[in-house]
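A.B. asks: By my numbering, the letter at position 178 of the sequence shown is numbered 176, and the numbering carries on one by one without gaps.
Dropping the structure in here first, questions after.
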Amino acid sequence: TPYTLISPSHFPEMEIPLDNPMTVEGIELGRLLFYEKQLSGDNTMSCASCHNIENAFAENSQYSVGIDGVSGSRNSMPLFNLGWEDFFTWDGSRNTLEEQILEPVPNPIEMHQKWKEATDKLSSNLDYRTRFFRSFGEEGIDSIKVSKAIAQFLRTIISSTSEFDVMYKYENSIPLTAQEGEILQGVDVEEWAGYDLFKSLNGADCFHCHNGPLMRVKKFSNNGLDESFSDLGRALITNDPNDEGKFKVPSLRN
């Protein structure tokens, strides 16, 4: 059953991959898989374990810890508005959402399970076999179908209805709904002053890195806090010394 995703009026249109069209069945399957602990080697960890809804689908600790108690060197990124991203992970090592989703399951410091073992677990469940058939129109469960289903679900997690959005739409002459008009009336002088500082060259100048309705620019930056780097960031991918200490600019949403 085709699912039509409507982009917020102040966002660009979301580009859906031609090889992974969104369906009602695929999104529902992806939501179940996102919370499925059988994807981990000891059946204790799901995607949601590190991407917690209470933390904007992110983590409130400095480093992520996998099923074997091994700490990684980075924390889990927030999972919202991913349909508008062009690269993934802190160092941009993955170019598509589907490609990124394939990584955590076999990673030895994350979910630590071979994909074949994970999909065998799912295949032993009649409900999952039925759901995969309804989502993809053919028998069989594999890692590609798992990643596609989860990607469909993640593209529905959209953050676009904050007070900031109402201010942004008003400033850019984008029509407001009646409810948004009421919210606008409640924006006080200090909030407007903060908004002006945020986007002013003579103020806080935040907008150079956190610009537009998505509150981020598509680039990698070094925040200048470290003289030496325990994590080389983007340079690990490009092998360019100029990229040392640069990481994906995060959104300020949530």
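Yeah, the Cβ is synthetic: ideal placement off N, Cα and C, and Gly gets one too.
Being a predicted model, the structure only gives us computed values, none of them experimental.
Which residues in the same chain have their Cβ closer than 6 Å to the Cβ of Arg153, if we skip the five residues on either side of it in sequence?
C.D. replies: Gly81
A.B. asks: Per DSSP, Phe92 is paired with what?
C.D. replies: At residue 92 the sequence reads Arg, which differs from the Phe that was named. Paired residues: Phe86.
A.B. asks: Could you tell me how far apart the beta carbons of Ile259 and Ser145 are, in whole angstroms, since I believe they sit closer than 8 Å?
C.D. replies: Since the first and last residues shown for the chain are -1 and 252, residue 259 lies out of range.
A.B. asks: If Ser141 and Thr21 are in contact, beta carbons under 8 Å, what's the gap, nearest whole angstrom?
C.D. replies: That belief does not hold up - the Cβ atoms of Ser141 and Thr21 are roughly 19 Å apart, past 8 Å.
A.B. asks: Distance, Cα to Cα, Thr236 vs Ser228?
C.D. replies: Taking C-alpha positions only, Thr236 is separated from Ser228 by approximately 17 Å.
A.B. asks: In whole angstroms, what separates the C-alpha of Glu23 from that of Asp125?
C.D. replies: The alpha-carbon of Glu23 is positioned some 13 Å away from that of Asp125.
A.B. asks: In angstroms, rounded to a whole number, what distance separates the CA positions of Glu83 and Met213?
C.D. replies: 12 Å
A.B. asks: Label Ala202 either buried or exposed according to how many other C-beta atoms from any shown protein chain fall within 10 Å of its C-beta, with 16 as the threshold for buried.
C.D. replies: Flag for Ala202 reads exposed.
A.B. asks: Going by beta carbon distance, what residues of the same chain come within less than 8 Å of Pro10, once the five residues before and after it are set aside?
C.D. replies: So the list reads Trp82, once near-sequence residues are dropped.
A.B. asks: Roughly how many angstroms separate the alpha carbons of Thr2 and Gly67, rounded to a whole number?
C.D. replies: 41 Å
A.B. asks: Using the Cα positions of Cys207 and Arg251, report the straight-line distance between them to the nearest angstrom.
C.D. replies: Approximately 13 Å, taken between the alpha carbons.
A.B. asks: Taking the continuous alpha helix (DSSP H) assigned at Ile235, which residues delimit it?
C.D. replies: 233 to 236
A.B. asks: Compare the beta carbon distance of Gly90 and Phe218 with 8 Å and say whether it is the shorter of the two.
C.D. replies: yes
A.B. asks: Please classify Asp241: is it buried, with 16 or more other beta-carbons within 10 angstroms of its beta-carbon, or exposed?
C.D. replies: When all chains shown are included, Asp241 counts as buried.
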